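Residue numbers (the UniProt record's numbering), protein chains in the order written: chain Y, 1 to 318; chain V, 1 to 281.
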């Protein structure tokens, strides 16, 4: 198992804030909008340097999405910022008609996704957003795994032409990816090469997959770990290549198992290479109040759950 | 004036003919609101709007128009065709398979003249605000026009937008309301009363004007007047009284022709009331 270390922990939303600021410096057409959550979305640096390119919309997310769609007409590249729940479910029809169907170059940037939002509870902990967004024709869906990857992803989507959903979170987690990485939309990252099982992880679950990989190594299981940061378009080639070698797969996501990364992988494998698969994901449930660690444990999203899923799926190999 | 009032009325007559023929041709669509707004579209595209014949999505240096109540697409398609955006023969494809003239307007099939999809109601004002903000950032002084149904104003997103535009002093924005008092299930007064739209928008900080949307002279003057009110810190709301179905006597004033196509006989009756002035498609 390749050794991953970290010297600091940071939140992925701060990676977004840093990426937005840098994207703003690189391209004067980058503009930002927020629905009364500037601090939570870490937009302060952008606003300080580019006040005229920032629009405070107030608590009016539907209006924000429409305004962002309109701002593309004339060449701006709008980044909208609010919590994941209010970025997707609350404004689904606005995104569907004014952004996706109209093919507008809007970047929907969503913080506080999943259970790790913590104490605010289920009203704010969306576990359905990946599904909602990936079903929209033409929508790119990205869920980066740490501060550095989120920053790199933010810079990459500024250069991509078309609608994007960028999902990140609130908790501080290890920073373990390369600060100078080149982020390629739709291209998987090989975290660890192995032969016995393919673990496919996205977002906060990537570090947990690394922790699981270390435990599995102690048990004599050689896990291949792949980071799928771009859930749509999915890197079919990387997944198929790995699964051909290992013969079984575990998908890991901080999202409902209905509609998430796991289902995208299952769809691919069912049609191309039928393979035993286990899902580490929430099981058709809402969350609740608690600390992020308590919630990840209670809802089965810890390294130990990945280890168990791997043992189970290996047992299902023919 | 680029045209005389008589010339504009002749264009509107042709657009009305196109509307009833398009809706008849596919036996679906929304003739009532389309007919009611034929004079507005004619005045806007042939007299008021500073627009380029060569369509560009970004519309730099030209006025923009957004149709929020997308179901009255027939009147927009006919207007765009006669304004030169595409050949009028394409009007025959309305709502048919493989057409660029979808039931509701869309950019998806790349029809020139259209900059955003509409149909799901209540979204157009927000989009227009965004376009106006970008024009402001670009130093582009052109205007942004919109049209909304009155029933459509029951959608909450409009009021988020209505609060935003005056606060940000978007004084290049000229929104018109097709104030015909009708919606699918009946008169707006019975379905969900809008009460005083004038008082509501004024309370939100808009400059509100009232025009007769079925009097060509009045609507041309009203839109020109609206332009003189821009640049003073307030967006403009044009409350435009219209009759659903205007120009076809048996359709006028009733919500029953909101989304119903005429049969052969009804088509003939309608066309007898609408002189062919520019040549049918």
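A virtual CB, placed ideally from N, CA and C, is assigned to each residue, including glycine.
Every value quoted in this text rests on a predicted model; they were computed, and no experiment measured them.
Checklist entry - When Cβ atoms are compared, which residues of the stretch 69-90 of chain Y fall closer than 9 Å to chain V? => result 69, 70, 71, 72, 73, 74, 75, 76, 78
Checklist entry - On the three-pair Cβ rule with 8 Å, is the stretch 25-43 of chain V touching the stretch 246-261 of chain V? => result yes
Next on the checklist: With distance defined between alpha-carbon atoms, name the residue in V:57, V:76, V:278 nearest to residue 36 of chain V.
Outcome noted: Counting from 1 along the second chain, the entry for residue 36 of chain V is found at position 36. Taking only the C-alpha atoms, the option nearest residue 36 of chain V is V:76.
Checklist entry - In the stretch 93-122 of chain Y, which residues sit with their C-beta less than 7 Å from some C-beta in chain A, listed in chain order? => result The structure shown contains no chain A; its protein chains are Y and V.
Next on the checklist: What would DSSP say about residue 99 of chain Y, mapped onto helix, strand or coil?
Outcome noted: Within the first chain, residue 99 of chain Y is the residue found at index 99, counting from 1. The answer is helix: DSSP assigns residue 99 of chain Y an H, G or I state.
Item to check | Contacting residues, own chain, Cβ-Cβ under 6 Å from residue 188 of chain Y (five flanking each side not counted) | outcome: For the purposes of this step, residue 188 of chain Y is taken as the residue at position 188 of the first chain. Counting only Cβ-Cβ distances below 6 Å, and skipping sequence neighbours, we find 226, 228, 235, 238.
Next on the checklist: To the nearest angstrom, how far is the alpha carbon of residue 239 of chain V from that of residue 160 of chain V?
Outcome noted: Taking the second chain and counting its residues from 1, one reaches residue 239 of chain V at position 239. Taking the second chain and counting its residues from 1, one reaches residue 160 of chain V at position 160. So the two alpha carbons sit approximately 19 Å from each other.
Checklist entry - How many Å lie between residue 35 of chain Y and residue 120 of chain Y at the Cα? => result The count along the first chain starts at 1 and reaches residue 35 of chain Y at position 35. The count along the first chain starts at 1 and reaches residue 120 of chain Y at position 120. When rounded, the distance between both Cα atoms is 18 Å.
Item to check | DSSP three-state assignment for residue 216 of chain V, whether helix, strand or coil | outcome: Position 216 of the second chain, counted from the start, is the residue given in the question as residue 216 of chain V. Three-state result, residue 216 of chain V: helix.
Next on the checklist: Quick check: what's the CA-CA separation for residue 166 of chain V versus residue 193 of chain V?
Outcome noted: Counting from one through the second chain, the residue named residue 166 of chain V turns up at place 166. Counting from one through the second chain, the residue named residue 193 of chain V turns up at place 193. So the two alpha carbons sit approximately 24 Å from each other.
Next on the checklist: Need the endpoints of the beta strand (DSSP E) that residue 189 of chain Y sits in, please.
Outcome noted: For this step, residue 189 of chain Y is matched to residue 189 along the first chain. Unbroken beta strand (DSSP E) run through residue 189 of chain Y: 189-192.
Checklist entry - If the cut is a Cβ gap below 7 Å, which residues of chain V does residue 63 of chain Y touch? => result Along the first chain, read from residue 1 onward, the residue named residue 63 of chain Y stands at position 63. Result: 126, 157, 160, 161, 164.
Next on the checklist: I want to verify the contact list: residues of chain Y whose CB lies under 7 Å from the CB of residue 120 of chain V, in sequence order.
Outcome noted: The sequence position of residue 120 of chain V within the second chain is 120, counting from 1. Here the neighbours are 93, 97.
Next on the checklist: Quick check: the stretch 197-206 of chain V against the stretch 303-314 of chain Y, are at least 3 beta-carbon pairs closer than 8 Å?
Outcome noted: no
Checklist entry - In chain order, what residues of the same chain lie with their CB nearer than 7 Å to the CB of residue 69 of chain Y, ignoring the 5 residues before and after it? => result Here residue 69 of chain Y is taken as the residue at index 69 of the first chain, counted from 1. Same-chain partners within the cutoff: 98, 99, 102, 104, 106.
Next on the checklist: Need the endpoints of the beta strand (DSSP E) that residue 308 of chain Y sits in, please.
Outcome noted: Reading the first chain from its first residue, position 308 is the one you call residue 308 of chain Y. Element bounds for residue 308 of chain Y: not the beta strand (DSSP E) but the alpha helix (DSSP H), 303-315.
Checklist entry - Taking C-beta to C-beta, are residue 60 of chain Y and residue 88 of chain Y nearer than 8 Å? => result On the first chain, residue 60 of chain Y is found 60 positions in, with the first residue counted as 1. On the first chain, residue 88 of chain Y is found 88 positions in, with the first residue counted as 1. For residue 60 of chain Y and residue 88 of chain Y, no; Cβs fall outside 8 Å.
Next on the checklist: Would residue 15 of chain V pass as an interface residue toward chain Y - the criterion being a Cβ-Cβ separation below 8 Å?
Outcome noted: Here residue 15 of chain V refers to the residue found at position 15 when the second chain is read from its first residue. It does not: the Cβ of residue 15 of chain V has no partner Cβ on chain Y nearer than 8 Å.
Next on the checklist: So that I know if they touch, is there some Cβ in chain V lying closer than 8 Å to that of residue 346 of chain Y?
Outcome noted: An answer regarding residue 346 of chain Y cannot be provided, because it is not within the stretch 1 to 318 covered by chain Y.
Checklist entry - Whose C-beta lies closer than 8 Å to the C-beta of residue 284 of chain Y among residues of the same chain, with five residues either side of it excluded? => result Here residue 284 of chain Y refers to the residue found at position 284 when the first chain is read from its first residue. For residue 284 of chain Y, where only same-chain residues beyond five positions count, the Cβ hits under 8 Å are 256, 257, 258.
Checklist entry - Any Cβ of chain Y within less than 8 Å of the Cβ of residue 149 of chain V? => result As a position in the second chain, residue 149 of chain V is number 149, starting the count at 1. It does not: the Cβ of residue 149 of chain V has no partner Cβ on chain Y nearer than 8 Å.
Item to check | Within chain Y, partners of residue 50 of chain V - CB distance below 9 Å | outcome: In the second chain, residue 50 of chain V corresponds to position 50, counting from 1. Correct list: empty, because the minimum Cβ distance to chain Y is about 15 Å.
Checklist entry - Can you tell me where the alpha helix (DSSP H) with residue 107 of chain V in it begins and where it stops? => result In the second chain, the residue the question calls residue 107 of chain V occupies position 107. Premise fails: residue 107 of chain V is in no alpha helix (DSSP H) and is neither H nor E.
Item to check | Nearest-angstrom beta carbon gap, residue 175 of chain Y and residue 191 of chain Y [assumed within contact, 8 Å] | outcome: Indexing the first chain from 1 puts residue 191 of chain Y at position 191. Indexing the first chain from 1 puts residue 175 of chain Y at position 175. Their Cβ separation, rounded to whole angstroms, is 15 Å, which puts residue 191 of chain Y and residue 175 of chain Y out of contact at 8 Å.
Item to check | Pick from Y:213, Y:251, Y:264 that is closest to residue 3 of chain Y, judged by C-alpha positions | outcome: Translated into positions along the first chain, residue 3 of chain Y becomes position 3. Nearest C-alpha to residue 3 of chain Y: Y:213.
Item to check | Cβ neighbour criterion (16 or more within 10 Å) applied to residue 263 of chain V | outcome: The residue labelled residue 263 of chain V in the question sits at position 263 within the second chain. Residue 263 of chain V should be labelled exposed.
Checklist entry - Which of helix, strand or coil does DSSP assign to residue 224 of chain V? => result For the purposes of this step, residue 224 of chain V is taken as residue 224 along the second chain, with counting starting at 1. Helix, per DSSP.
Next on the checklist: Using a 10 Å radius around the Cβ and a threshold of 16 neighbouring Cβ atoms, would you call residue 62 of chain Y buried or exposed?
Outcome noted: What you label residue 62 of chain Y is simply residue 62 of the first chain in a count that begins at 1. The residue is buried, with at least 16 neighbouring Cβ atoms inside 10 Å.
Checklist entry - Can you find a CB in chain V that lies within less than 8 Å of the CB of residue 66 of chain Y? => result To locate residue 66 of chain Y, count along the first chain from 1; it is residue 66. Residue 66 of chain Y counts as touching chain V.
Checklist entry - By DSSP, does residue 145 of chain Y sit in helix, in strand, or in coil? => result Mapped onto the first chain, residue 145 of chain Y falls at position 145. The answer is coil: DSSP assigns residue 145 of chain Y none of H, G, I, E or B.
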